[in-house]
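Colleague: Numbering (the numbering used here), first residue to last: 585 to 837. C-beta: ideal position from N, C-alpha, C; glycine also. As the structure is a computational prediction, the values presented were derived from the model and not from experiment. If you scroll down you'll find the structure; I have some questions about it.
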Amino acid sequence: MSSAAATPNGTGPLGPIRRLDEIDSTNRYALDAARAGAAPGLVVVADHQTAGRGRLGRTWEAPAGASLLVSVLLRPTIRLEAMHLLTMAAGLAMADAVEAVAGFAPTIKWPNDLLAGDRKLAGMLTEAEVVDGEVTAVVVGIGVNVMWTDFPPEIAETATACNIVAGRAVSRDELLDAFVARYGARLVDLDAVPEDYRARLGTLGQRVRIELADGTFEGEAVGVADDGSLEVRTGPGATRTVTAGDVVHLRPA
Ligand code: BT5
585 MSSAAATPNG TGPLGPIRRL DEIDSTNRYA LDAARAGAAP GLVVVADHQT AGRGRLGRTW
645 EAPAGASLLV SVLLRPTIRL EAMHLLTMAA GLAMADAVEA VAGFAPTIKW PNDLLAGDRK
705 LAGMLTEAEV VDGEVTAVVV GIGVNVMWTD FPPEIAETAT ACNIVAGRAV SRDELLDAFV
765 ARYGARLVDL DAVPEDYRAR LGTLGQRVRI ELADGTFEGE AVGVADDGSL EVRTGPGATR
825 TVTAGDVVHL RPA
């Protein structure tokens with residue numbers, strides 16, 4: 585019906601889905617596929633990652649078969665300032681998918697974690713391929729803890745999984761299908777993303793500690809600007825804007 589080239593991801597519905605048993609990182613795989621000319625819409629899923637990537641060089645943990653590990657290749661036709669909407673849309677799509685399939689509603693922690701209560705259920709890493717200053721591909725990667733029994737000690741106090749919150753088994757395949765359908769729909773309606781994102785954002789109104797490369801500060805998270813940055817009130821009439829960094833939700837004093 586509508587022209588595929590007109591959609592923000594440069595494609596129609598998402599797909600095909602490439603399923604891998606084991607890979608170092610689905611993001612790495614999708615970025616290499618992009619460099620080799622793969623069409624946008626490619627969805628890469630793995631049962632196990634041997635070098636799952638978090639942000640800032642961190643590691644994403646997942647025992648084989650326990651998580652949904654998925655990367656989506658996009659070749660966006662939108663302006664650079666709107667690129668963050670691609671990641672926000674994926675977070676919303678996954679939160680909606682978890683709600684539909686696992687029966688509980690995760691919140692979003694700025695910028696892109698999904699939480700159940702105060703524990704991390706999912707993380708997202710978006711990486712771009714830039715050639716001569718042009719974004720030629722964007723890979724949006726998400727890891728969701730779906731069916732976990734044991735957590736490694738490093739994350740035992742901070743992580744949770746769909747089966748634990750739902751109190752029953754949750755299917756990775758159902759979650760994948762629900763996510764792919766919802767993400768495809770979100771990508772053709774990016775204008776609706778900021779408002780829906782703010783509505784799901786558990787960070788707003790919280791006391792937060794912001795951890796930046798060169799220090800930390802505390803305040804109250806009061807808003808998200810249209811460019812995706814977090815606005816933090818640090819005192820009467822004083823607001824700081826955070827474009828990148830880690831947020832810790834502090835318990836109310
Ligand atoms: C993220 O980084 O949360 C981004 C995670 C993205 C993972 C997906 S999986 C598919 C795709 N392919 C990849 O290679 N990556 C993407 P960050 O905000 O930096 O959080 C990383 C931190 O979360 C780690 O340092 C741990 O403290 C914690 N962590 C690691 N694994 C976790 C897990 N399974 N559940 C909860 N927390 C975890």
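Take HIS833 and list the residues in its own chain whose beta-carbon comes closer than 8 Å to its own, dropping the five residues that flank it on each side.
Modeller: As a first step, residue 833 is located in the sequence shown; it is residue number 249 there, counting from the start. Correct list, in chain order: LYS693, ASP702, GLY786, THR787, GLN790, ARG791, VAL792.
Colleague: List the endpoints of the continuous alpha helix (DSSP H) containing ASN611.
Modeller: Position 27 of the sequence shown, counted from the first residue, corresponds to residue 611. Note, ASN611: alpha helix (DSSP H), 610-619.
Colleague: What is the rounded straight-line gap between the Cα of LEU604 and the Cα of THR661?
Modeller: On the sequence shown, position 20 is the one that residue 604 refers to. On the sequence shown, position 77 is the one that residue 661 refers to. About 28 Å.
Colleague: Mind checking whether the beta-carbon of ASN729 lies closer than 8 Å to any heavy atom of the ligand BT5?
Modeller: Mapped onto the sequence shown, residue 729 falls at position 145. True, at least one ligand heavy atom lies under 8 Å from that Cβ.
Colleague: Buried or exposed: where does LEU640 fall if 16 or more other Cβ atoms within 10 Å of its Cβ makes it buried?
Modeller: The residue given as residue 640 occupies position 56 in the sequence shown. By the neighbour-count rule (16 or more Cβ atoms within 10 Å), LEU640 is not buried but exposed.
Colleague: Identify the continuous beta strand (DSSP E) that holds ASN729 and give its terminal residues.
Modeller: As a position in the sequence shown, residue 729 is number 145, starting the count at 1. Per DSSP, ASN729 belongs to the beta strand (DSSP E) from 718-729.
Colleague: Around the Cβ of ALA590, are there at least 16 other Cβ atoms within 10 angstroms (buried) or fewer (exposed)?
Modeller: Your numbering for residue 590 matches position 6 in the sequence shown. At ALA590, the pLDDT of 48 sits below 50, so the modelled position is not reliable; the number obtained from the coordinates is stated separately. The residue is exposed, with fewer than 16 neighbouring Cβ atoms inside 10 Å.
Colleague: Report yes if the CB atom of GLY829 is closer than 9 Å to the CB atom of GLY803, and no otherwise.
Modeller: Reading the sequence shown from its first residue, position 245 is the one you call residue 829. Reading the sequence shown from its first residue, position 219 is the one you call residue 803. No; because the gap between Cβ atoms is not below 9 Å, this pair is not in contact.
Colleague: Roughly how many angstroms lie between the CA atoms of LYS704 and GLU738, to the nearest whole one?
Modeller: For the purposes of this step, residue 704 is taken as residue 120 along the sequence shown, with counting starting at 1. For the purposes of this step, residue 738 is taken as residue 154 along the sequence shown, with counting starting at 1. Near 13 Å, if we compare the C-alpha coordinates of GLU738 and LYS704.
Colleague: Among MET678, PHE735, PRO600, THR823, which one has its Cα closest to the Cα of VAL628?
Modeller: In the sequence shown, counting from the first residue as 1, residue 628 sits at position 44. Of the listed residues, the one whose Cα sits closest to VAL628 is PRO600.
Colleague: Mapping DSSP to helix, strand and coil, what is VAL714?
Modeller: Indexing the sequence shown from 1 puts residue 714 at position 130. Strand at VAL714.
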